[in-house]
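See below for the structure under consideration.
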Amino acid sequence: GATGDLVWFDPGVGHVLPGEVLEFHRAAQVLTVQAVIGGKSVSDSEHNKSVR
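First residue of the sequence shown: 4, per our numbering; consecutive thereafter.
Quick look at the structure:
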């Protein structure tokens with residue numbers, strides 16, 4: 004779980020997507036992941052949620 008890692012995440016669209024970790028703060032338990040879908044960036048910030 005570090006910046007630049009490729010992960011699977013659920014941005015709330017009902018299924019998981021491949022994304023890249025943009026921001027990760029272990030102490031604050033903040034993770035921001037970005038995926039590109041059809042040329043659009045979709046990002047999701049997760050607080051206190053586990054990451055697959």
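Every residue gets a Cβ at the ideal spot worked out from N, C-alpha and C, and that includes glycine.
Test item: CB-CB of residue i and residue j under 8 Å
| i | j | result |
| --- | --- | --- |
| Val24 | Val10 | yes |
Cα-Cα separation between residue i and residue j, rounded to whole angstroms
| i | j | result |
| --- | --- | --- |
| Pro21 | Ala31 | 23 Å |
| Gly15 | Arg29 | 22 Å |
| Glu26 | Lys43 | 19 Å |
| Gly7 | Gly17 | 24 Å |
Residue i, DSSP secondary structure in three states
| i | result |
| --- | --- |
| Asn51 | Confidence at Asn51 is low in this model, with a pLDDT of 49, below 50, so its placement is unreliable and no value can be given for it. |
| His18 | coil |
| Thr35 | strand |
6 Å CB neighbourhood of residue i in its chain, flanking five on each side removed
| i | result |
| --- | --- |
| Val45 | Pro14, Ala38 |
| Ser48 | Thr35 |
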